[in-house]
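*Asks:* Below: one structure in structure tokens.
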Amino acid sequence: MLLLLVFSVLSLLRSSSIRVSAAPVSPYIMVKPDKTLNSTYTVGSNYTVSIYTNYNASLGSDLYSWQFSLTFNSSMLEGLEVRNGDLITTSKHSSATFAPGTFNNTIGKLSLTMAYFYHISPPPFRTTGPGTLANVTFRVKGYGVTDIHIPEAVSDPTTFLGGYNVAKGGYYEIMDGTLEPEKLGDSYFRNTIPGDVNGDKVINVVDAASVSAHWYPGPPRGPLGYGREADINLNGIVDIVDSAIVSANWNRHAP
Amino acid sequence: MLLASAFVTILNVAPAKAVYPPITLYLVGNTAPGPGYYGGYVPICDLIKTSLKNILNIDVQIVRYDTATWESIIWTLPNVYHNGSYGRGGGKDGWDLTIFEWWVNPNNYLWVDEMAYSYNLLPQGWNIMSYNDSRADVLYNRAQTTLDPVKHKQYMWKWQEEWMSNPPSLPLYYEDTYTARSSFVNNYDETSWLYDISQLNINVTKFNEVAPAARKAIGSDTLIYAIVEKVQNAFPLVVWTYTEEAVNVLTRGMLYLNSRENLAYPSSGKYIVKPNIATKIPTASDWTQFTDTDGKSKWKVRIPIKSGLLWTDGVEFNATDVAYTYNTMLKIPDFTAYGDYNFMLDRAEVVDRYTVDFVYKPGMGPDYDFAGYNAHGWGLAMLPEHQMRGWTDYANWAHTAWNGAQGVKPVSQGGTGLEQLGPYYVSAYSANQYIEMTKVPGYASTLGWTGTLPTKWILKFIPDDGTRILALDNVEVDMIEYPIADVATWQAMIPQPQHRVSIYNYPASHVLWFNNRNTILSNKYVRLAIAHAIPYPNIFNVLPAWGVEQAYPGKTFVTPWHDSFDTSLGNYIYDPAKAQMYMDMYWNSKVGVDPATYPGPFGDHNLNGYVDLLDYPVWVNNRGKTPGQWPSYPMNTIDPDNNNDGAVDILDFPYWSARVGQRYPYAGAW
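Have a look at this one:
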């Protein structure tokens, strides 16, 4: 029976390919916080992330626009509201225009959201960061995990910071997420109780087996290599600490 | 043979929309009916003509020429493209569409680079379609300059996605196809061609069993290879034809070989680059980043070469020849007709007698695969520095001494041409009849080759497809270039002991080329309309007659057998409704069309399919202009006149702001 459970977990985990996020390359646009591991985000509670850039005066003061879109697991989160951040605002210049996107909570998507300093002739008003493009609030719908992901495919509208700089030819992209995906940073949200690797609301041998299967404190590694679900403290390795968390919460049930 | 039954014939019954005014495009092709670089793809052209007329009201005028004329129209009339106005209609004055195949050899990107980069436009490069997509440039460059294989794949996949979102041309299909050679020829690979003959040999026992008397009379130490093309140039740095390519790899040294690992067909499908004159594939430790005398940061790679090789006149080959060859290439003004190295290589420097440094241009990094770029017949064949020393007339590379009939043979063999450095030298030549080559003693062993090479090669000129196949069938020749026959012919050859018939992944795409200098084709929506109006299933039904065992939908130049092929990417499908949705985007943008009546592409100023902030600067930068005053070609058509009133002004802005986030002409990729 135990073997069966282990194989079940292995199969489950094998079927999902989960990307290990890395720190984005500057200048970047990222979702902050980059990770949330908090079981107090129960169903019905609100959860807010910021879309943030580190672009600053040392990199340039020529930013006049930004745009992004997001995707998320619609069984975990429901989009509620998008509010402008502090980067392009009317407090900086009256031409600031904010155009929030709309949520599609069936497929889990926030459509193109943008802000810019309106102008009909160059140069536009320009600013710099670091700062927040927008704040996005969700209602928690489920128990489990989700990425809050900035799309980067050619078939998606690109996420970018728009600049105007005569020395750089006028209008230009300070960073472009389609062409430079390493400059995008996603967020990872998990509201399971610590140690509930497979998300079945109970911590038992299946979770322990998952940690073993993904054991990866460094080579040699477990049969499935690194797995983010099994990395309970999300420190990039699956090791004795994760195993200890499972043990410490053994037989605990989620509400 | 499963192919034909897998599809039903499509009737091109979708009517042209009454609102579409007629458009005329000239499809300029070869007279040959079949496929290939020299193929006219006649039945496919006819299918396309009918379909585009029925669905899009595009009148495709098919104009056919002999090969030489067709080639000159497609490749060597840059004045047609550079006179500032395309619209000369077609015919000999230009082309709008053409079809021919395009190869991407298994493990290098050379034949993508030269066509894909916007800075390789004519006359600097060979980008005849005028692929002019700055985002594609960035993606491709990033793919080629990263040292991280994961990122390389990521960017190559994105580049393919960008291609299909904004297609510069339409690869129609890929294929598994037949080929054959005499059964006594061992270790010849149909994909790597003559690039690697290091393991080649003739099985004498088999030869004696199956060769007819006439062939036996020539002898088992001679290999006969049927070629299609003439020798136009004998200068090693300029390769125009496959025949010249064969001459290059057989008689002239290359630094690397493009091979298939373990040539025992068909057990291995893995392609590799092997050192040839070079002693090793460069590794990270061979690359150095340094500040050059011009103050710029550059990379250089150190390549050691083998010792003991002799030119046909007995002079020892050394690093001076290598550096001279590459530096001469960089000085020949129209070498860049092939543009292979100019964009990346700054110069070559002799380090010692057997070591050369290759200095790259700024921004060109170690992952521009130096070895791969050199490992085929279009790579640089070595020049004899000792013979050419003092020659400075770089514009006159087509020197009669080495380009006339006598120039095919080196001086040391009684000709007037350059000395040679290959496993063979040209020992006899009759223009348009044959080239005889004789083995150089000791060459193979110096390079560590393991094959027992034939003593002689005879390259026999047989341009006609049918005659070539017949010659192969009769064992008058042992191998042939461009073996084109229907599936039934190949099947009939399979049981015959004198033949070795095989099916292989053909490393080329069969491309409907667009000339994006045409202002209509420059509009992305028109190209995507055509992409959805091509009757692909009908085209696939044609292919068994050309020896295609299995066909696959075309996507980009990158074939399914290439290591960078994007397996996740969908393909275009024949869909008249979608084709017309795209065509609507073109016609709806015309001045006078009421934007309240039609759905788009209002607001999509840069015609990338989205209304977003990338459109905003296009509007600002062109405010005050009228249609015709902003650039329209190649491939960068814009339209900031949202309300179609003939002026870009403040009245256009609301059409953009109200449509932010909209995708044209429908949601989802093509």
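Chains as they are written, first to last, in this note's numbering: chain A, 1 to 255; chain B, 1001 to 1670.
Heads up, the beta-carbon is just placed ideally off N, CA and C, and yes, glycines get one too.
Could you work out which residue in VAL1063(B), LYS1049(B), GLU1101(B) and SER1165(B) is closest to ALA1508(B) when comparing CA atoms only?
*Replies:* Working through the second sequence from its first residue, we reach residue 1508(B) at position 508. Closest by alpha carbon: GLU1101(B).
*Asks:* Compute the minimum distance between the beta carbon of PRO1560(B) and the heavy atoms of the ligand NAD, and state whether it is under 7 Å.
*Replies:* Because no ligand of any kind appears in the structure shown, any question about the ligand NAD cannot be addressed here.
*Asks:* Determine the closest residue to GLY1253(B) out of TRP1513(B), ASP1465(B) and LEU1237(B), with distance taken between C-alpha atoms.
*Replies:* Counting from one through the second sequence, the residue named residue 1253(B) turns up at place 253. Nearest option by C-alpha distance: LEU1237(B).
*Asks:* Quick one: is THR1024(B) buried, meaning 16 or more other Cβ sit within 10 Å of its Cβ, or exposed?
*Replies:* Here the question's residue 1024(B) lines up with position 24 in the second sequence. Under this definition THR1024(B) is an exposed residue.
*Asks:* Taking contact to mean at least 3 C-beta pairs separated by less than 8 Å, is the region 1569-1584 of chain B in contact with the region 1176-1193 of chain B?
*Replies:* No, the region 1569-1584 of chain B does not touch the region 1176-1193 of chain B.
*Asks:* Relative to the alpha-carbon of GLU1161(B), which residue among ASP1575(B), THR1556(B), VAL1112(B) and GLY1609(B) has its alpha-carbon at the smallest distance?
*Replies:* Residue 1161(B) sits at position 161 when you count from the first residue of the second sequence. Minimum Cα distance to GLU1161(B) is reached at THR1556(B).
*Asks:* What do you get for SER121(A), buried or exposed, if any count of 16 or more other CB atoms within 10 angstroms of its CB means buried?
*Replies:* Here residue 121(A) refers to the residue found at position 121 when the first sequence is read from its first residue. SER121(A) comes out exposed.
*Asks:* When the Cα of GLU229(A) is compared with those of ALA244(A), TYR28(A) and ASP207(A), which residue comes out closest?
*Replies:* Taking the first residue of the first sequence as position 1, residue 229(A) is located at position 229. For GLU229(A), the nearest C-alpha among the options comes from ASP207(A).
*Asks:* Who are the Cβ neighbours of VAL1351(B) in its own chain at under 6 Å, not counting the five residues just before and after it?
*Replies:* As a first step, residue 1351(B) is located in the second sequence; it is residue number 351 there, counting from the start. These residues qualify, in order along the chain: ASP1357.
*Asks:* DSSP puts GLU1349(B) in a beta bridge; with which residues?
*Replies:* Taking the first residue of the second sequence as position 1, residue 1349(B) is located at position 349. Answer is ASP1357(B), bridged to GLU1349(B).
*Asks:* Just checking, does the region 1238-1258 of chain B make contact with the region 1417-1433 of chain B on the three C-beta pairs under 8 Å criterion?
*Replies:* As far as the Cβ criterion goes, the region 1238-1258 of chain B touches the region 1417-1433 of chain B, which means the pair count is three or higher.
*Asks:* Tell me the rounded alpha-carbon separation between GLN1662(B) and LEU1607(B).
*Replies:* Locating residue 1662(B) in the second sequence gives position 662, where the first residue counts as 1. Locating residue 1607(B) in the second sequence gives position 607, where the first residue counts as 1. Each residue's alpha carbon lies about 12 Å from the other.
*Asks:* Using 8 Å as the Cβ pair cut-off and three pairs as the minimum, do the region 129-136 of chain A and the region 163-176 of chain A touch?
*Replies:* Touching, no, given that fewer than three Cβ pairs across the two stretches are closer than 8 Å.
*Asks:* Report the neighbours of ALA99(A) on chain B: residues whose CB is nearer than 7 Å to its CB, in chain order.
*Replies:* Along the first sequence, read from residue 1 onward, the residue named residue 99(A) stands at position 99. The answer, in chain order, is VAL1660.
*Asks:* Over the uninterrupted beta strand (DSSP E) stretch that includes SER187(A), give me the two end residues.
*Replies:* In the first sequence, counting from the first residue as 1, residue 187(A) sits at position 187. From DSSP, the beta strand (DSSP E) with SER187(A) extends over 187-190.
*Asks:* Does the beta carbon of ALA1638(B) sit closer than 8 Å to a beta carbon anywhere in chain A?
*Replies:* By one-based count along the second sequence, residue 1638(B) stands at place 638. At residue 1638(B) the sequence reads Ile, which differs from the Ala that was named. No, because no Cβ of chain A sits closer than 8 Å to the Cβ of ILE1638(B).
*Asks:* Taking only beta-carbon atoms, is ARG1468(B) less than 8 Å away from chain A?
*Replies:* Along the second sequence, read from residue 1 onward, the residue named residue 1468(B) stands at position 468. Taking Cβ atoms only, chain A never reaches closer than 8 Å to ARG1468(B), which makes this a no.
*Asks:* Do we get a CB-CB distance below 8 Å when we pair GLY162(A) with the residues of chain B?
*Replies:* Position 162 of the first sequence, counting from 1, holds the residue named residue 162(A). Answer yes: the Cβ-Cβ gap between GLY162(A) and chain B drops below 8 Å somewhere.
*Asks:* Would SER1412(B) and GLU1419(B) qualify as a contact pair, given that the criterion is a beta-carbon distance under 8 Å?
*Replies:* Counting from one through the second sequence, the residue named residue 1412(B) turns up at place 412. Counting from one through the second sequence, the residue named residue 1419(B) turns up at place 419. Closer than 8 Å, so yes.
*Asks:* Roughly how many whole angstroms lie between the Cα atoms of ASN1201(B) and ILE1458(B)?
*Replies:* Here residue 1201(B) is taken as the residue at index 201 of the second sequence, counted from 1. Here residue 1458(B) is taken as the residue at index 458 of the second sequence, counted from 1. For ASN1201(B) and ILE1458(B), the distance between alpha carbons rounds to 15 Å.
*Asks:* Does chain A have any CB closer than 8 Å to the CB of ASP1221(B)?
*Replies:* Here residue 1221(B) refers to the residue found at position 221 of the second sequence. So no, ASP1221(B) is outside the interface.
*Asks:* Count the CB pairs spanning the region 42-50 of chain A and the region 102-116 of chain A that are closer than 8 Å, and state whether there are at least three.
*Replies:* The region 42-50 of chain A is not in contact with the region 102-116 of chain A.
*Asks:* Below 6 Å CB to CB, which residues in the same chain sit around PRO255(A) once its five sequence neighbours on both sides are set aside?
*Replies:* What you label residue 255(A) is simply residue 255 of the first sequence in a count that begins at 1. There are no such residues.
*Asks:* Looking at chain B, is there any beta carbon in it that lies within less than 8 Å of the beta carbon of ALA23(A)?
*Replies:* As a working note, residue 23(A) is residue 23 in the first sequence. No, ALA23(A) lies away from the interface with chain B (no Cβ there is under 8 Å from its Cβ).
*Asks:* If we ignore side chains and look at the alpha-carbon of each, how far apart do PRO124(A) and GLY162(A) end up?
*Replies:* Here residue 124(A) is taken as the residue at index 124 of the first sequence, counted from 1. Here residue 162(A) is taken as the residue at index 162 of the first sequence, counted from 1. Looking at the two C-alpha atoms, the distance is approximately 11 Å.
*Asks:* When the Cα atoms are used, what is the spatial distance from ARG221(A) to GLY1036(B)?
*Replies:* Looking up residue 221(A) in the first sequence gives position 221. Looking up residue 1036(B) in the second sequence gives position 36. Each residue's Cα considered, the two are about 50 Å apart.
*Asks:* Helix, strand or coil for ALA1669(B) per DSSP?
*Replies:* Here the question's residue 1669(B) lines up with position 669 in the second sequence. It is coil, neither helix nor strand.
*Asks:* At least one CB of chain A closer than 8 Å to the CB of ASP1615(B): is that the case?
*Replies:* As a first step, residue 1615(B) is located in the second sequence; it is residue number 615 there, counting from the start. False, the Cβ-Cβ gap to chain A never drops below 8 Å.
*Asks:* Which word fits VAL1591(B), buried or exposed, when buried means at least 16 other C-beta atoms lie within 10 angstroms of its C-beta?
*Replies:* Sequence index remark: in the second sequence, residue 1591(B) carries index 591 (1-based). Burial call: exposed.
*Asks:* Closer than 7 Å by beta-carbon distance: list the chain A residues that pair up with TYR1610(B), in chain order.
*Replies:* Along the second sequence, read from residue 1 onward, the residue named residue 1610(B) stands at position 610. PRO157, listed in chain order.
*Asks:* What's the call for HIS1082(B), buried or exposed, on a 16-neighbour Cβ count within 10 Å?
*Replies:* For the purposes of this step, residue 1082(B) is taken as the residue at position 82 of the second sequence. At HIS1082(B) the pLDDT is 31, less than 50, meaning the model places this residue with poor confidence; the figure from the coordinates comes in the next sentence. Per the 10 Å Cβ criterion, exposed.
*Asks:* Determine the extent of the alpha helix (DSSP H) in which HIS1510(B) is found, giving its start and end residues.
*Replies:* As a position in the second sequence, residue 1510(B) is number 510, starting the count at 1. Looking at the DSSP string, HIS1510(B) is not in any alpha helix (DSSP H); the run it does join, the beta strand (DSSP E), is 1499-1514.
*Asks:* Work out the CA separation of PRO223(A) and LEU13(A) for me, nearest whole Å.
*Replies:* The count along the first sequence starts at 1 and reaches residue 13(A) at position 13. The count along the first sequence starts at 1 and reaches residue 223(A) at position 223. For LEU13(A), the pLDDT reaches just 33, beneath the cut-off of 50, and the residue's location in the model is therefore unreliable, although a value from the coordinates is still provided. If I take the Cα positions, the gap works out to 12 Å.
*Asks:* Taking ILE1062(B) as the reference, which of SER1072(B), LEU1047(B), GLU1071(B) and ILE1055(B) has the closest Cα?
*Replies:* Position 62 of the second sequence, counted from the first residue, corresponds to residue 1062(B). Comparing Cα positions, the closest option is LEU1047(B).
*Asks:* Which bits of chain A does ARG1135(B) rub up against, with CB to CB less than 7 Å?
*Replies:* Position 135 of the second sequence, counted from the start, is the residue given in the question as residue 1135(B). Here the neighbours are LEU179.
*Asks:* Shortest alpha-carbon distance to THR1312(B) belongs to which of ILE1462(B), PRO1441(B) and LEU1380(B)?
*Replies:* Position 312 of the second sequence, counting from 1, holds the residue named residue 1312(B). Checked all of ILE1462(B), PRO1441(B) and LEU1380(B); the closest Cα to THR1312(B) is PRO1441(B).
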